[in-house]
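Participant: 191 is the number that full-length UniProt numbering gives to position 191 of the sequence shown; each next residue is one higher, with no gaps.
Beta carbons: idealized from backbone N, C-alpha and C, even for Gly.
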Amino acid sequence: MWLLFAVGSAFFAGVTAILTKCGIRRTNSTVATAIRTIVVLAFAWVMVFVAGSQGQIRDLGGMTLLFLILSGLATGASWLCYFKALQLGDINKVVPIDKSSTVLTILLAFLLLREPIGPFQGIGVILIGVGTFLMIEKKPQTAGSAPQGKGWMLYAFGSAVFASLTAILGKIGIQNVESNLGTAIRTGVVLVMAWFMVLVTGKTAAVRQVPRRELGFICLSGIATGASWLCYYRALQDGLASVVVPIDKLSILVTVAFSSLVFHERLTARSGAGLLLIVAGTLAMLL
1 MWLLFAVGSA FFAGVTAILT KCGIRRTNST VATAIRTIVV LAFAWVMVFV AGSQGQIRDL
61 GGMTLLFLIL SGLATGASWL CYFKALQLGD INKVVPIDKS STVLTILLAF LLLREPIGPF
121 QGIGVILIGV GTFLMIEKKP QTAGSAPQGK GWMLYAFGSA VFASLTAILG KIGIQNVESN
181 LGTAIRTGVV LVMAWFMVLV TGKTAAVRQV PRRELGFICL SGIATGASWL CYYRALQDGL
241 ASVVVPIDKL SILVTVAFSS LVFHERLTAR SGAGLLLIVA GTLAMLL
């Protein structure tokens, strides 16, 4: 049964990007982030009560709380960048760059936390880096195709950088905190940050103008994220981490498959080779 939950985690993580893309065709990406974070926060606290860690809140120290807040701010910045990149660019190009945060996390952990890089991790870093480069080839403009928005790559790399900072800050912040409680606290910070950005950018009026169909997709993307977290937690609870983690990381395959079905984004021979390298690199880093 735990293997089924691991596959469910990868599936829901993979479709999150697709549902998000469907929800930000006309809706501002910052507004969409703020709305979906409400749903994600609800799921995060469900996980806290499932794990029974709510009583640990009173035991949080000042430094632990500080790093959890900093990690939450990095998470919020990553989500804002990621959804903006999805709004402007192709899923098949944005997602691989976002997944490259694994490489950045390993490098930052080596530089800041003095964590060693093993031979398989080194091979994985190279494979993922090359694979990502191959997948972000420039999309040829064809007659009748929609022009790709400018700046998507900058936002995608911003998403990866902030995601890696989230991992580093989170690792420091959750040393004495149950991981689900730490996630819930970080998500609460993201919620505050996202709605603050809505206010600062003057998008409050846009909240009431979100098309009902897109609002549904935005909420569904939040539910998909929460469902992925719940499945991942359950799979780790009963199964082998060495099997669960690789399956979850391969959610990029689900995203690519659905982007082809829903948005008719096709992989070229070059980007297909890049995808294979990313998958191989992900598996190598987990050996």
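If you run the structure through DSSP and keep just helix, strand and coil, what is Pro116?
Facilitator: Walking along the sequence shown from the start, residue 116 turns up at place 116. Correct three-state label for Pro116: coil.
Participant: Considering only the alpha carbon of each residue, which of Gly89, Ser164, Thr37 and Ile106 lies closest to Gly118?
Facilitator: Translated into positions along the sequence shown, residue 118 becomes position 118. Per the Cα distances, Ile106.
Participant: Alpha carbons only, please: which of Phe110, Ile24 and Phe12 is nearest the one belonging to Gln209?
Facilitator: Looking up residue 209 in the sequence shown gives position 209. Of the listed residues, the one whose Cα sits closest to Gln209 is Ile24.
Participant: I'd like the ranges of any beta strand (DSSP E) spanning at least 3 consecutive residues and lying wholly in the UniProt domain "EamA" (152 to 286).
Facilitator: Here no run is fully enclosed.
Participant: Put Asp98 into one of helix, strand or coil per three-state DSSP.
Facilitator: Sequence index remark: in the sequence shown, residue 98 carries index 98 (1-based). Helix, per DSSP.
Participant: Quick one: is Gln121 buried, meaning 16 or more other Cβ sit within 10 Å of its Cβ, or exposed?
Facilitator: Within the sequence shown, the letter at position 121 stands for residue 121. Under this definition Gln121 is a buried residue.
Participant: With a cut-off of 8 Å on the beta carbons, I'd call Asn28 and Ala194 a contact; round off their distance for me.
Facilitator: Counting from 1 along the sequence shown, the entry for residue 28 is found at position 28. Counting from 1 along the sequence shown, the entry for residue 194 is found at position 194. That pair is no contact at about 12 Å.
Participant: For my contact list, Leu267 and Leu261 are in at a C-beta cut-off of 8 Å; report their separation, rounded to the angstrom.
Facilitator: In the sequence shown, counting from the first residue as 1, residue 267 sits at position 267. In the sequence shown, counting from the first residue as 1, residue 261 sits at position 261. Not really, about 13 Å apart at Cβ, beyond 8 Å.
Participant: Where does Met1 fall in DSSP's three states?
Facilitator: In the sequence shown, the residue the question calls residue 1 occupies position 1. Note: Met1 maps to coil in three-state DSSP.
Participant: Enumerate, from N- to C-terminal direction, the unbroken beta strand (DSSP E) stretches of 3 or more residues contained entirely within the UniProt domain "EamA" (2 to 136).
Facilitator: Within the UniProt domain "EamA" (2 to 136), no complete beta strand (DSSP E) run reaches 3 residues.
Participant: Skipping 5 residues on each side, what residues in its chain have a beta carbon closer than 8 Å to that of Ala227?
Facilitator: Position 227 of the sequence shown, counting from 1, holds the residue named residue 227. Gly8, Phe12 and Phe43, listed in sequence order.
Participant: Should Val210 be listed as close to the ligand COA, given that the test is whether its C-beta is under 7 Å from any heavy atom?
Facilitator: Summarising the ligand content, the structure contains no ligands, and the ligand COA is consequently not present.
Participant: Buried or exposed for Met285, please, with buried defined as at least 16 other CB atoms from any protein chain shown within 10 angstroms of its CB.
Facilitator: Sequence index remark: in the sequence shown, residue 285 carries index 285 (1-based). Under this definition Met285 is a buried residue.
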